[in-house]
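Enquirer: Numbering (my numbering), first residue to last: 529 to 945.
The beta carbon of each residue, even a glycine, is placed where N, CA and C say it ideally should be.
Model, not experiment: these values are computed from the prediction.
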Ligand code: GAL
């Protein structure tokens with residue numbers, strides 16, 4: 529309680545400071561893009577807005593995956609002063625729209641033809657009750673592995689395409705004296721790894737368990753196997769993994785201290801920021817066994833209702849700037865993600881970005897594109913949080929085996945609905 533009050537007081541203090549500095553033509557933007565690569569991407573967005581005369585008042589809330597940002601947002605709204613624009617994921621957007629808190633962007637969306645260029649999988653979260661309530665800035669996906677090229681070469685093995693090959697590479701890296709898996713022990717990071725593991729056991733299984741929330745899939749044999757694999761991965765992290773931020777785990781792979789990281793493609797932003805080149809310094813592969821399928825999440829900007837006409841105009845300007853095709857290219861090249869529009873050329877993207885765009889299109893065509901559970905696109909926050917608890921407990925050895933963890937998962941998800 530005290531901690532929550534502190535957060536609220538802090539949020540109100542930030543609010544007082546920002547409102548006194550803000551002009552009507554500014555947007556105050558709440559986001560969680562605070563790592564090196566993320567901050568570079570924010571810079572691209574800020575510059576694009578500035579070019580159109582819209583100023584930026586920053587409200588960063590650190591914490592990968594955005595949990596802390598969503599807590600800060602709730603405090604701001606409760607205090608009666610919502611930020612102008614908020615970075616948001618999947619079901620969170622729909623929740624806020626359901627509360628009637630979001631501005632209607634339909635007039636702008638219609639005038640600019642967003643419905644023709646934004647994939648249906650994204651529109652599902654940009655629209656509510658037939659109205660546009662958010663502007664998607666990118667598509668990320670979670671089933672990626674980022675490998676240090678020199679560390680991979682030192683194993684004498686090829687980039688793994690199956691679970692067995694993955695374990696062989698990890699074992700060899702251990703023998704070679706490095707930490708095989710760069711990982712940060714935070715629930716959302718373990719959940720991100722688990723997205724890939726569950727998907728590697730089959731797209732239909734992923735969908736039954738994480739999208740349809742079928743109790744038999746959540747608590748069955750395949751889920752037991754998924755947890756056994758997660759428990760196996762625990763043996764490849766270093767002793768100091770607990771609580772480590774994701775970008776510090778990326779840094780371990782970048783500098784060769786660790787062999788690989790299983791993380792969404794925002795990790796690529798860190799490699800690029802460090803001057804690393806795909807194919808030369810690092811290798812990007814889909815989580816072994818998941819090539820052809822994609823678990824996605826999309827960062828969207830939702831605009832919170834404002835009464836001031838100047839602020840409303842700034843919101844429209846921001847939404848238009850986000851959807852500009854040239855911006856979508858420039859931003860996503862830096863961020864590690866791919867454009868949220870289907871009509872943007874892949875020309876400016878590096879090999880991993882080109883692969884990301886091709887994989888997304890292929891998965892979309894083949895019905896193999898699924899919302900990421902870890903990043904709020906498979907189920908509402910209550911269910912997502914319930915999965916976090918079980919996944920993290922399993923990673924930390926709190927269940928006798930995978931079957932016990934699967935049983936706990938089915939129970940936790942049922943209770944959360
Ligand atoms: C994700 C978000 C990404 C990236 C990541 C780590 O949820 O979609 O843009 O920021 O968290 O912070």
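Pull up the distance between the alpha-carbon of residue 533 and that of residue 935, whole angstroms please.
Expert: Indexing the chain shown from 1 puts residue 533 at position 5. Indexing the chain shown from 1 puts residue 935 at position 407. Interpretation of residue 533 is limited by its pLDDT of 42, a score under 50 that renders its predicted location unreliable; the figure taken from the coordinates is listed afterwards. Their Cα atoms are separated by approximately 36 Å.
Enquirer: Enumerate, from N- to C-terminal direction, the unbroken alpha helix (DSSP H) stretches of 4 or more residues contained entirely within the region 840-924.
Expert: If we require 4 residues or more, the alpha helix (DSSP H) runs fully inside the region 840-924 come out as 853-863, 879-893, 909-923.
Enquirer: Can the beta-carbon of residue 846 be found closer than 7 Å to that of residue 646?
Expert: Taking the chain shown and counting its residues from 1, one reaches residue 846 at position 318. Taking the chain shown and counting its residues from 1, one reaches residue 646 at position 118. Not a contact, by the Cβ cut-off of 7 Å.
Enquirer: Within its chain, find whatever has a CB closer than 7 Å to the CB of residue 904; leave out the 5 residues flanking it on each side and keep chain order.
Expert: Counting from 1 along the chain shown, the entry for residue 904 is found at position 376. Answer for residue 904: 617, 618, 619, 620, 825, 912, listed in chain order.
Enquirer: Using only the alpha-carbon positions, how far apart do residue 669 and residue 813 sit?
Expert: Translated into positions along the chain shown, residue 669 becomes position 141. Translated into positions along the chain shown, residue 813 becomes position 285. Going by the C-alpha atoms only, they are around 12 Å apart.
Enquirer: Excluding the 5 residues preceding and the 5 following residue 864 in the sequence, name in chain order all residues of the same chain whose CB lies nearer than 6 Å to its CB.
Expert: Along the chain shown, read from residue 1 onward, the residue named residue 864 stands at position 336. Only 793, 794, 796, 797 meet the Cβ criterion.
Enquirer: In whole angstroms, give me the CA-to-CA distance for residue 605 and residue 652.
Expert: As a first step, residue 605 is located in the chain shown; it is residue number 77 there, counting from the start. As a first step, residue 652 is located in the chain shown; it is residue number 124 there, counting from the start. Looking at the two C-alpha atoms, the distance is approximately 24 Å.
Enquirer: Hey, is residue 676 close to the ligand GAL, as in C-beta under 6 Å from one of its heavy atoms?
Expert: The count along the chain shown starts at 1 and reaches residue 676 at position 148. Because no heavy atom of the ligand GAL lies under 6 Å away, the Cβ of residue 676 does not count as near it: no.
Enquirer: Any chance the CB of residue 825 is under 6 Å from a heavy atom of the ligand GAL?
Expert: Translated into positions along the chain shown, residue 825 becomes position 297. Yes.
Enquirer: Under the three-state reduction of DSSP, which class applies to residue 818: helix, strand or coil?
Expert: The residue labelled residue 818 in the question sits at position 290 within the chain shown. Of the three classes helix, strand and coil, the one that applies to residue 818 here is coil, per DSSP.
Enquirer: Using only alpha-carbon positions, find the residue among 579, 671, 733, 791 that is nearest to residue 713.
Expert: For this step, residue 713 is matched to residue 185 along the chain shown. Checking every option, the nearest Cα to that of residue 713 belongs to 791.
Enquirer: Examine chain D for any beta-carbon lying closer than 7 Å to the beta-carbon of residue 912, and answer yes or no.
Expert: You won't find chain D in this structure, because it holds only one protein chain.
Enquirer: By the DSSP assignment, the alpha helix (DSSP H) with residue 725 in it spans what residues?
Expert: Residue numbering aside, residue 725 sits at position 197 when the chain shown is read from its first letter. Here the alpha helix (DSSP H) through residue 725 covers 715-728.
Enquirer: Is it the case that the Cβ atoms of residue 920 and residue 718 are separated by a distance below 7 Å?
Expert: What you label residue 920 is simply residue 392 of the chain shown in a count that begins at 1. What you label residue 718 is simply residue 190 of the chain shown in a count that begins at 1. Cβ distance < 7 Å, so residue 920 and residue 718 count as in contact.
Enquirer: How do the region 829-836 and the region 627-637 stand: do at least 3 beta-carbon pairs fall below 8 Å, yes or no?
Expert: The region 829-836 vs the region 627-637: in contact.
Enquirer: From residue 716 to residue 820, what distance separates their C-alpha atoms?
Expert: Stepping through the chain shown from its first residue, residue 716 is reached at position 188. Stepping through the chain shown from its first residue, residue 820 is reached at position 292. Approximately 24 Å, taken between the alpha carbons.
Enquirer: Report buried or exposed for residue 771, applying the criterion of at least 16 other Cβ atoms within 10 angstroms of its Cβ.
Expert: The residue given as residue 771 occupies position 243 in the chain shown. Result: exposed.
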